[in-house]
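*Asks:* What follows is a single structure, and I will ask about it in a moment.
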Amino acid sequence: MLMLVIGGLIAVAAEPAWRMLTGPLLGLLLVTVLVLMAGPPRSRPGAVSPAPPRSPAPVPPSPVSPAPTAPVPGPSARSLADLSPREFELHVAELISALPGWQAQATRGRADQGADVLASGPGGVRVAVQVKRYRAAVGNGAVQAIVASKAVYDCTHAVVVTSGPGYTRSARELAQANGVGLWQAGELATLRRCARQGVAPPPELLPGRAGYSGQKPKSPGSRG
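Remember, this note's numbering sits 73 above the position in the sequence shown when you count from 1.
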């Protein structure tokens, strides 16, 4: 390409009219051709190329918190013995009230006629509850008292609750004959689980006259 341009310039320079312009024109064309052949300017050694624009850092998604579970009222079964008698009554009332469709209230003082907690549930169920914070087995006196209280408060069911090891043989026999439920730490744990899951308690916790009454009676030869 350079040779063609130089040849054309020499031919033009041969004409007399162009002889005055041959020198400057030839120099300008030579510079232009050299620039075109050299290409774009190269970066100097050691020169730092500009960094490409940074894309914004991705924003991590906010963590999704798990749905809160229903709170379980009151202490665990292992700490029932640490409650005072009144605190135990309030705990039982709170635990029953946490069941779906149930309401319960602790009674006051010695005028309770044997019922420490009165509860009502779906279907017109009314329950008289006697709460015993005992370290020994509960005798049949508590069962007799709650049977009488059931009639006084016109309840459909009666229950005795203890924080202790259980009930005497005579108490279990009397409870079975009168349809009284006998609750211990295991039954309270069942209520706690039902409250957490939002389901109704199993029907065996509220027996009828010939229904469940806690532990099985001992043999006739054993002591109550």
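By construction, the Cβ of each residue, glycine as well, lies at the ideal position given by its N, Cα and C atoms.
1. State the start and end residues of the unbroken beta strand (DSSP E) segment that holds arginine 199.
2. Output the distance between the C-alpha atoms of alanine 188 and isoleucine 219, rounded to the nearest integer angstrom.
3. Would you mind reading off the limits of the alpha helix (DSSP H) that contains serine 170?
4. Excluding sequence positions up to five away, which residues of its chain have a Cβ less than 7 Å from the Cβ of serine 170?
5. Secondary structure at valine 232, three-state DSSP: helix, strand or coil?
6. Between the C-alpha atoms of valine 165 and glycine 194, what's the straight-line distance to the nearest angstrom?
7. Would you check if there are 3 or more beta carbon pairs closer than 8 Å linking the region 233-246 to the region 203-219?
8. Should glutamine 257 go down as buried or exposed, given a rule of 16 or more other Cβ atoms within 10 Å for buried?
9. Using C-beta distances below 6 Å, list every residue in its chain close to glutamine 186, excluding the 5 sequence neighbours before and after it, in chain order.
10. On the CB-based measure, 16 or more other CB atoms within 10 Å of its CB, does glutamine 203 come out buried or exposed?
11. Within 10 Å of its beta-carbon, does arginine 206 have 16 or more other beta-carbons around it, so buried, or fewer, so exposed?
12. Strictly by DSSP, which residues pair up with tyrosine 240?
13. Should arginine 265 go down as buried or exposed, given a rule of 16 or more other Cβ atoms within 10 Å for buried?
14. Can you name the residues that DSSP bridges to glutamine 178?
15. Given a threshold of 16 other Cβ atoms within 10 Å of its Cβ, counted over all protein chains shown, does glutamine 249 qualify as buried or as exposed?
16. For lysine 179 versus glutamate 160, is the C-beta distance shorter than 8 Å?
17. Name the residue from Gly197, Arg181 and Val211 whose alpha carbon lies nearest to the alpha carbon of valine 190.
*Replies:* On the basis of the supplied data:
1. Here residue 199 corresponds to residue number 126 of the sequence shown, with the count starting at 1. Taken as a continuous stretch (DSSP letters only), the beta strand (DSSP E) holding arginine 199 covers 198-205.
2. Reading the sequence shown from its first residue, position 115 is the one you call residue 188. Reading the sequence shown from its first residue, position 146 is the one you call residue 219. About 6 Å.
3. Position 97 of the sequence shown, counted from the start, is the residue given in the question as residue 170. 158-170 is the extent of the alpha helix (DSSP H) around serine 170.
4. The count along the sequence shown starts at 1 and reaches residue 170 at position 97. Only Gln176 and Ala177 meet the Cβ criterion.
5. Reading the sequence shown from its first residue, position 159 is the one you call residue 232. Valine 232 falls in the strand class under three-state DSSP.
6. Reading the sequence shown from its first residue, position 92 is the one you call residue 165. Reading the sequence shown from its first residue, position 121 is the one you call residue 194. When rounded, the distance between both Cα atoms is 15 Å.
7. yes
8. Start at 1 with the first residue of the sequence shown, and residue 257 comes out as number 184. Buried, because 16 or more other Cβ atoms sit within 10 Å of the Cβ of glutamine 257.
9. Here residue 186 refers to the residue found at position 113 of the sequence shown. Only Ser222 and Val225 meet the Cβ criterion.
10. Walking along the sequence shown from the start, residue 203 turns up at place 130. Buried, by the Cβ-count rule.
11. Position 133 of the sequence shown, counted from the start, is the residue given in the question as residue 206. By the neighbour-count rule (16 or more Cβ atoms within 10 Å), arginine 206 is buried.
12. Taking the first residue of the sequence shown as position 1, residue 240 is located at position 167. Paired residue(s): Val211.
13. Residue 265 sits at position 192 when you count from the first residue of the sequence shown. Label assigned to arginine 265: buried.
14. Position 105 of the sequence shown, counting from 1, holds the residue named residue 178. In the DSSP output, where bridge partners are listed per residue, glutamine 178 has Leu191.
15. Here residue 249 refers to the residue found at position 176 of the sequence shown. By the neighbour-count rule (16 or more Cβ atoms within 10 Å), glutamine 249 is buried.
16. Counted from its first residue, the sequence shown places residue 179 at position 106. Counted from its first residue, the sequence shown places residue 160 at position 87. Note that residue 179 is alanine in the sequence shown here, rather than lysine. No. Outside cutoff.
17. For this step, residue 190 is matched to residue 117 along the sequence shown. It is Arg181 whose Cα lies nearest to the Cα of valine 190.
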